[in-house]
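Undergrad:
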Amino acid sequence: MAPTLTSPLHERHVALGAKFSEFGGWSMPLEYATGVVKEHTAVREGVGIFDVSHLGKTVVRGPGAADLVNATLSNDLGRIAPGGAQYSLVLDEATGGIVDDVFVYLHSPEHVLLVPNAANNAEVARRLAEAAAVQQPGVQVTDEHADHVVLAVQGTLSDEVLTAAGFGIDHDYLTFVEAPFEGEQVVVCRTGYTGERGYELIAPSSVALALWDALLAAGEPHGITPAGLGARDTLRTEMGYSLHGQDISADVTPNEARLGWAVGWSKPAFWGRDAVVAEKEAGAKRKLVGLLAAGRGIPRPHMSVRLTPDVLLGEVTSGTFSPTLKKGIALALVSTSVADGAEVSVDIRGRSEVFTVTKPPFVQPSVRESA
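All residue numbers for the sequence shown refer to my numbering, where the first residue is 20 and numbers rise by one.
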């Protein structure tokens, strides 16, 4: 068994009283002494900082690098220009199932950075390397998982923090700039997993400690709060953002996950194209929906969702207490026969609790707002 990995910032988290949990082979902060609810609220109302260095980093370089990514991943990389970021999917060639979801950072036609999920980084890199050997022999695919940190500064005051830390931030949602820091280049991108205006910074591990300290110092006047992956999970669930391994997986297709917007349907080729096009034409039999509690029940993954006691619709994939709404919310994979607005029941530890089927987000996002 491979050893559990830790972030270059591990000792900083220990000093802050973090509780740790395993995520994709990494021991990462689940929450700090402040607790999940306060960390969640800090992001919604002010600003929080997350260490998400467990996320993967795969670099594709060489003549035709962008062409290779565009011919394999689902989304159309031609929709963005260098300096742009894009959400995309790695699909299984035969079934169209979601092997992973990734963010793609287009530096140039010859330089693309992918950020897969922690547990899937090696597999994504392997598939791309195999494709490169056949389709673009001059392209090199490098797994740089442990070589960089990823810090997310998220919340309504994130601009103030980045400005105070000396980073140029005059760019739009889903675009990035490279900024100098301690003799290295830091990618500063208007992205995030919380629904709030915010930034993700990707930097060499050699400057991890200095970058974390600088951001905390810059954010101190603004009440910056270190936040763990527990708050990241409640924040993303309120937005209806899918988590690979729960809401999406190799057993779930983009059509079922309502991720058709991340598919370049007019592209001539990408992994799994034939399978997902055929399913789209025939109609998927399942769909990912939101569930909003009518009462006090808190749903959890794998709880059954029913229309009546005898009619099983599917199951909860992600469920939590929403600190913003003060009630239970969930994502669930259910039959496409269920309409938005319908009332269903969720079996919560032997009790039948009423939920309303809804289309996320559960909370109005501000991620696209201008300064």
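Beta carbons: idealized from backbone N, C-alpha and C, even for Gly. For clarity, every value in this text was computed on a predicted model and none was experimentally measured.
1) Mapping the DSSP letters down to three states, classify Lys-38 as helix, strand or coil.
2) DSSP three-state call for Leu-110: helix, strand or coil?
3) In the DSSP assignment, find the beta strand (DSSP E) that holds Gly-238 and state where it starts and stops.
4) Give the DSSP-derived three-state secondary structure of Ala-100 in the structure shown.
5) Where does the unbroken beta strand (DSSP E) through Arg-255 begin, and where does it stop?
6) Determine the closest residue to Val-207 out of Thr-336, Leu-234 and Thr-53, with distance taken between C-alpha atoms.
7) Kindly list the residues whose CB is nearer than 7 Å to the CB of Gly-283, restricted to its own chain and excluding five residues on each side of it in sequence; keep chain order.
8) DSSP three-state label for Gln-265, please.
9) Give a yes or no on whether the C-beta atoms belonging to Met-258 and Phe-381 are separated by under 9 Å.
10) Can you tell me whether Trp-280 is buried or exposed, with buried defined as 16 or more other CB within 10 angstroms of its CB?
11) What distance in whole Å lies between the Cβ atoms of Pro-245 and Ile-68, which are believed to be in contact at a cut-off of 8 Å?
12) Whose CA, out of Ser-26, Leu-49, Phe-42 and Leu-24, lies closest to the CA of Gly-36?
13) If you follow the alpha helix (DSSP H) that His-59 is part of, which residue opens it and which one closes it?
14) Taking 9 Å as the threshold (C-beta atoms), are Leu-110 and Val-301 in contact?
15) Sort out for me which residues DSSP pairs Arg-305 with in a bridge.
16) Taking only runs of the beta strand (DSSP E) that begin and end inside the stretch 192–220, which ones reach a length of at least 3 residues, in chain order?
17) Starting from Glu-129 and walking both ways along the beta strand (DSSP E), at which residues does that stretch end?
18) Determine the DSSP secondary structure at Lys-346, reduced to helix, strand or coil.
19) Restricting to Cα atoms, I'd like to know which of Met-47, Leu-352, Gly-369 and Arg-387 is closest to Val-376.
20) Determine the DSSP secondary structure at His-167, reduced to helix, strand or coil.
21) Taking just the CA atoms, how far does Thr-327 sit from Val-66?
22) On the criterion of 16 or more Cβ atoms from any shown chain inside 10 Å, does Thr-23 qualify as buried, or is it exposed?
23) Just the Cα atoms here: how many angstroms apart are Gly-291 and Gly-44?
24) What is the residue span of the beta strand (DSSP E) that Thr-91 lies within?
25) Classify Val-33 as buried or exposed, calling it buried when 16 or more other Cβ atoms lie within 10 Å of its own Cβ.
26) Suppose contacts are defined by Cβ-Cβ distances below 9 Å. Is Thr-175 in contact with Arg-216 by that definition?
27) Helix, strand or coil, according to DSSP, for Ala-312 in the structure here?
28) With the cut-off set at 9 Å, would you say Val-131 and Val-205 are in Cβ contact?
29) I need the DSSP call for Trp-375, collapsed to helix, strand or coil.
30) For Ala-141, I'd like the list of residues in its chain whose CB is within less than 7 Å of its CB, leaving aside the five on either flank, ordered along the chain.
31) Roughly how many angstroms separate the alpha carbons of Leu-230 and His-29, rounded to a whole number?
32) For Arg-305, does the count of other Cβ atoms within 10 angstroms reach 16, so buried, or fall short, so exposed?
33) Can you check whether the CB of Gly-249 is closer than 9 Å to the CB of Pro-384?
34) Report yes if the C-beta distance between Tyr-124 and Val-386 is below 9 Å; otherwise report no.
35) Consult DSSP for Glu-362 and reduce its assignment to one of helix, strand or coil.
TA: With the structure as the only source:
1) Strand, per DSSP.
2) Secondary structure at Leu-110: strand, using DSSP grouped into helix, strand and coil.
3) For Gly-238, there is no enclosing beta strand (DSSP E); the enclosing alpha helix (DSSP H) has its first and last residue at 227–238.
4) coil
5) Taken as a continuous stretch (DSSP letters only), Arg-255 belongs to no beta strand (DSSP E), being part of the alpha helix (DSSP H) at 248–258.
6) Ranking the options by Cα distance to Val-207, first place goes to Leu-234.
7) Setting aside the 5 residues that flank it on each side, Gly-283 is surrounded in the same chain by Ser-93, Asn-94, Asp-95 and Phe-289, each with a C-beta closer than 7 Å to its C-beta; the list follows chain order.
8) In the structure shown, Gln-265 sits in coil (DSSP, three-state: anything other than H, G, I, E or B).
9) yes
10) exposed
11) At roughly 6 Å, the Cβ-Cβ gap stays under 8 Å, so Ile-68 and Pro-245 are in contact.
12) Leu-49
13) 55–64
14) Here residue 301 turns out to be Ala, not Val, going by the sequence shown. No. Outside cutoff.
15) Beta-bridge pairing links Arg-305 to Ser-354.
16) Complete beta strand (DSSP E) runs here, min 3: 195–200 and 203–208.
17) Careful: Glu-129 lies outside any beta strand (DSSP E) and carries neither H nor E.
18) strand
19) Closest option to Val-376, Cα to Cα, is Leu-352.
20) strand
21) Answer to the nearest angstrom: the Cα atoms are 43 Å apart.
22) The residue is exposed, with fewer than 16 neighbouring Cβ atoms inside 10 Å.
23) Rounded to the nearest angstrom, the gap between the Cα atoms of Gly-291 and Gly-44 is 28 Å.
24) Unbroken run through Thr-91 is the alpha helix (DSSP H), 84–91; no beta strand (DSSP E).
25) exposed
26) yes
27) Reduced to three states, the DSSP call for Ala-312 is strand.
28) Not closer than 9 Å, so no.
29) What sits at residue 375 in the sequence shown is Thr, not Trp. Reduced to three states, the DSSP call for Thr-375 is strand.
30) Counting only Cβ-Cβ distances below 7 Å, and skipping sequence neighbours, we find Asp-162.
31) Rounded to whole angstroms, Leu-230 to His-29 spans 14 Å at the Cα level.
32) buried
33) no
34) no
35) strand
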